[in-house]
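Chemist: Taking the UniProt record's numbering, I'd label the letters of the sequence shown as residues 1 to 275. Even glycine gets a Cβ: it sits at the ideal position worked out from N, Cα and C. Sharing a structure here in structure tokens format.
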Amino acid sequence: MASELQRVAHGLISALDDVPRVVGFLQDMARRCRNNAAYVGGMSNNPAAQRAALQLDEASSRCEEAAHHLSRTSPRARGWAEQMVSGTGTPEGATGGPPKSRGAPAEGDRRGSQGTPGTSTADDSTGPGDEGRPPAVLERSPLGEAEPFDPSTREVLERLPLRKRGDKTSGIWIDASGNEHDLLSGVDEYTSDVDRLMEDLQIRIAPGADTLGSHVEVKFAMRMRREGLTDETIVINNRPCPGPYGCHRNLWKFLPDGARLTVYGPDNFKRTYPQ
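Written out as structure tokens, the structure is:
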């Protein structure tokens, strides 16, 4: 007679069998919402029509996020469930998380810099120096409040300059060898890569904005693609921009498959993407 654990495992297998179908449905729904958003947004400048277009675009982004997370379902889950159903026990390592890996370090060390502690200010909003970046005010994450910083990360943040209105966003990446690399917003060699990927993935930008390719987080995601990096952390003196077109919502789309990027920022901001 099957144990309760075996019945649960059998149900998990059935659910995993449905994953490809559900992912396909979500991807199809995302395409429909995006196409309808483009149609509604282009047919009229009426504020109500524009709001509807934004809502459709938001629905498209949410469907894409759901499809992405669902498609990453670990094969370990199926292996565990199948062994539970067969009664052969738990596969080795099934209870542990995947090992973290670090990519090869990039060439060059960080140049020495001086700056005041990297905390945000009340008018930490966009200026021309940050390529049209919207104010860094994020909605509360459904995963809860941001975690406190560890002392080493706090020390890195405090070495960054205080970002004021009109300033570019700056940051630091510490590679696997412990070398520090400066990060700065603005157009550079990674911007064209961002633009091409946005076109390939049909990622829309906010009305009146130029590109996400000037933003530190997105450019670093493209660097991860170039250099084969899979698990990295950056510290920046601004929070990822919010909204349906912003970095906070879209950064995961630029990361390599299976990779993750942790971003630290002012006011104890910490997020790992994909969320």
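Rounded to the nearest angstrom, what separates Cys63 and Glu227 at their Cα positions?
Modeler: As a working note, residue 63 is residue 63 in the sequence shown. As a working note, residue 227 is residue 227 in the sequence shown. Approximately 29 Å, taken between the alpha carbons.
Chemist: Could you check how far apart the C-beta atoms of Ser61 and Arg260 are, in whole angstroms? I think they sit under 8 Å.
Modeler: Working through the sequence shown from its first residue, we reach residue 61 at position 61. Working through the sequence shown from its first residue, we reach residue 260 at position 260. Not confirmed; about 19 Å, so no contact.
Chemist: Can you give me the C-alpha to C-alpha distance between Glu58 and Pro256, rounded to a whole angstrom?
Modeler: What you label residue 58 is simply residue 58 of the sequence shown in a count that begins at 1. What you label residue 256 is simply residue 256 of the sequence shown in a count that begins at 1. When rounded, the distance between both Cα atoms is 23 Å.
Chemist: Suppose contacts are defined by Cβ-Cβ distances below 9 Å. Is Leu157 in contact with Pro266 by that definition?
Modeler: Locating residue 157 in the sequence shown gives position 157, where the first residue counts as 1. Locating residue 266 in the sequence shown gives position 266, where the first residue counts as 1. Yes. Within cutoff.
Chemist: Could you tell me which whole beta strand (DSSP E) segments of length 3 or greater appear in the region 177–240?
Modeler: The qualifying runs are 180–184, 231–236.
Chemist: So, under 8 Å CB-CB, His215 and Ser192 are touching, yes? Tell me the CB distance rounded to an integer number of Å.
Modeler: Start at 1 with the first residue of the sequence shown, and residue 215 comes out as number 215. Start at 1 with the first residue of the sequence shown, and residue 192 comes out as number 192. Not a contact, Cβ separation roughly 14 Å.
Chemist: Determine the closest residue to Arg165 out of Arg271, Leu5, Asn238, with distance taken between C-alpha atoms.
Modeler: Position 165 of the sequence shown holds residue 165. Here the closest residue by C-alpha is Asn238.
Chemist: In whole angstroms, what separates the C-alpha of Asp18 from that of Ser71?
Modeler: Position 18 of the sequence shown, counted from the start, is the residue given in the question as residue 18. Position 71 of the sequence shown, counted from the start, is the residue given in the question as residue 71. Their backbone Cα atoms lie some 11 Å apart in a straight line.
Chemist: Within the chosen definition, does the region 76–87 reach the region 36–56 through at least 3 CB pairs nearer than 8 Å?
Modeler: Too few Cβ pairs lie closer than 8 Å, so no.
Chemist: Pro190 and Gly213 look like a contact to me (Cβ under 8 Å); what is the Cβ gap, rounded to whole Å?
Modeler: One-based indexing of the sequence shown puts residue 190 at position 190. One-based indexing of the sequence shown puts residue 213 at position 213. Going by the sequence as given, residue 190 is Tyr instead of Pro. Between Gly213 and Tyr190 the Cβ distance is about 7 Å, and since that is below 8 Å, they are a contact.
Chemist: Would you mind giving the Cβ-Cβ distance between Ala77 and Leu5, rounded to the nearest angstrom? I have them listed as a contact below 8 Å.
Modeler: Reading the sequence shown from its first residue, position 77 is the one you call residue 77. Reading the sequence shown from its first residue, position 5 is the one you call residue 5. Going by Cβ atoms, the distance from Ala77 to Leu5 rounds to 14 Å, so no, they are not a contact pair.
Chemist: Quick one: give me the first and last residue of the alpha helix (DSSP H) that Gly171 is part of.
Modeler: For the purposes of this step, residue 171 is identified with residue 171 of the sequence shown, where counting begins at 1. It is not in any alpha helix (DSSP H) - Gly171 instead sits in the beta strand (DSSP E) that spans 170–174.
Chemist: With a 10 Å radius around its C-beta and 16 neighbouring C-beta atoms as the bar for buried, classify Tyr39 as buried or exposed.
Modeler: Working through the sequence shown from its first residue, we reach residue 39 at position 39. Tyr39 is exposed by the Cβ-count criterion.
Chemist: Can you list, in chain order, the residues of its chain whose CB lies under 6 Å from that of Pro274, leaving out five sequence neighbours each side?
Modeler: Counted from its first residue, the sequence shown places residue 274 at position 274. The answer, listed in chain order, is Trp252.
Chemist: My output table needs one value for Pro142: the three-state DSSP class, helix, strand or coil.
Modeler: For this step, residue 142 is matched to residue 142 along the sequence shown. The predicted model places Pro142 with a pLDDT of 38, which falls under 50 and marks its position as unreliable; any figure quoted below should be read in that light. Coil, per DSSP.
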